[in-house]
Amino acid sequence: MCLFVVQAWQDAGLVLSTTSNEACKLFDAVLSQYATWTNNESLGGIDRCLSKLKAADPNFTMGHVIANGLELIGTGRTVRLDKELDSAVRAMVALSKSQPLTERERLHVSALDMFARGQLPKACDLWEQILQSHPTDLLALKFSHDTYFYLGYQRQMRDSVARVYPFWTCDVPLSSYVKGYYSFGLVETNLFDRAEKVAHEVFISLQQKLGSEVSQETFSSFSVQIRLLGCGIGYKSDRCMVCPYYSSCK
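So the sequence shown is numbered by numbering that gives the first Met the number 0: it starts at 0 and just counts up by one.
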């Protein structure tokens with residue numbers, strides 16, 4: 000996996016306010032693992048990458064954003080009951096006010112602050128604001144996607160991805176997973192045929208990249224998973240490209 004350094008993030012239109020290439024690469028490593036629901040040992044795993052990220056640049060605001068976001072969104076911890084987390088969120092907000100940041104980065108901080116205060120719909124509004132001007136901001140997309148899921152806002156979860164979907168061309172890293180998020184949103188809103196069509200697009204894209212490693216049998220398995228998930232049947236796969244939440248579905 001080729002991880003983005005400072006210049007690569009700038010070239011992608013997603014400026015990160017740090018001079019540390021190592022911090023940028025570790026941010027990418029954490030984001031990639033979160034976006035794909037994996038704990039990639041070749042990268043060191045999420046926890047180790049987060050520790051190294053903080054050490055690489057303790058004042059890297061977006062490093063604090065992704066670390067706190069994963070705690071708030073991924074663990075169920077709350078600042079009302081967890082003093083350590085409350086302190087971490089406050090420190091993130093204070094740090095953001097002490098240095099020049101891009102508007103996108105400031106919105107990320109504000110969104111997490113809203114989330115920490117229990118104002119989840121407002122947090123999503125801020126992430127959507129980011130996506131209007133930066134449709135390939137995967138962190139904003141994933142944070143909003145997961146929050147809509149927790150809120151039970153199926154239509155918003157689907158439409159959030161649909162709005163940025165045209166920008167996630169096959170040359171953008173992790174675009175196949177974004178197609179998976181969209182497919183999941185379609186399933187959640189009972190649009191099974193469209194969900195299967197999107198899954199097929201992913202299959203074709205991966206087949207072009209990987210050749211014979213991706214078979215028609217693999218796609219058929221994904222199609223079955225879509226149908227079973229839509230019918231509420233407890234079919235479970237250890238690895239599902241189409242539905243990023245499948246491992247936790249009952």
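Every residue, glycine too, gets a C-beta built ideally from N, C-alpha and C.
What does a CB cutoff of less than 6 Å around residue i pick up in its chain, not counting 5 residues either side in sequence?
i	result
ALA194	SER182, LEU185, VAL186 and ILE225
ASP237	A caution first: ASP237 carries a pLDDT of 35, below 50, which makes its placement in the model unreliable, though a value can still be read off. Same-chain partners within the cutoff: there are none.
ILE232	Only weak support is given to the placement of ILE232: the predicted model assigns it a pLDDT of 34, under 50, and the value that follows is read from those uncertain coordinates. Around ILE232: no qualifying Cβ.
VAL160	TYR180, TYR181 and GLY184
For the candidate residues the options, whose alpha-carbon lies nearest to that of residue i?
i	options	result
LEU84	LEU111, LEU150 and ALA54	LEU111
LEU130	ASP145, GLY151, LEU106 and TYR147	LEU106
GLY117	SER95, GLN128, VAL78 and LEU125	VAL78
MET113	LEU52, THR135, SER143 and THR17	SER143
SER95	CYS123, PRO57, SER50 and GLU70	PRO57
LEU190	PRO172, GLN153, PHE166 and GLY73	GLN153
ALA139	VAL171, GLU127 and ALA93	GLU127
ALA122	THR18, LYS82 and GLY68	GLY68
PRO172	ALA161, LEU137 and LEU150	LEU137
ALA90	ARG76, GLY75 and VAL64	VAL64
Does the Cβ-Cβ distance between residue i and residue j come in under 8 Å?
i	j	result
GLU102	ALA55	no
VAL197	LYS178	yes
HIS133	LEU13	yes
ALA28	LEU2	yes
SER109	LEU125	yes
ALA115	VAL88	yes
GLN98	THR60	yes
THR146	ILE72	yes
MET156	PHE148	yes
Can you list, in chain order, the residues of its chain with a C-beta nearer than 7 Å to that of residue i? Leave out the 5 residues immediately preceding and following it.
i	result
THR168	SER174
GLY62	ALA22, PHE26, LEU52, LYS53 and ASP56
TRP8	VAL14, LEU15 and CYS23
VAL4	ASN20, CYS23 and LYS24
VAL201	SER175, LYS178, GLY179 and MET240
SER204	CYS169 and SER175
Can you tell me where the alpha helix (DSSP H) holding residue i begins and where it ends?
i	result
GLN155	153-163
GLY44	44-55
PHE166	Looking at the DSSP string, PHE166 is not in any alpha helix (DSSP H), and its letter there is neither H nor E.
TRP126	119-132
GLU40	That residue, GLU40, is in no alpha helix (DSSP H); it is neither H nor E in DSSP.
GLN98	From DSSP, GLN98 is part of no alpha helix (DSSP H); its letter is neither H nor E.
GLN142	Note that residue 142 is Phe in the sequence shown, not Gln. Start and end: 137-150.
ALA28	20-35
PHE183	174-187
ASN67	60-73
What does a CB cutoff of less than 8 Å around residue i pick up in its chain, not counting 5 residues either side in sequence?
i	result
GLN297	The first residue shown for the chain is 0 and the last is 249, placing residue 297 beyond what the model contains.
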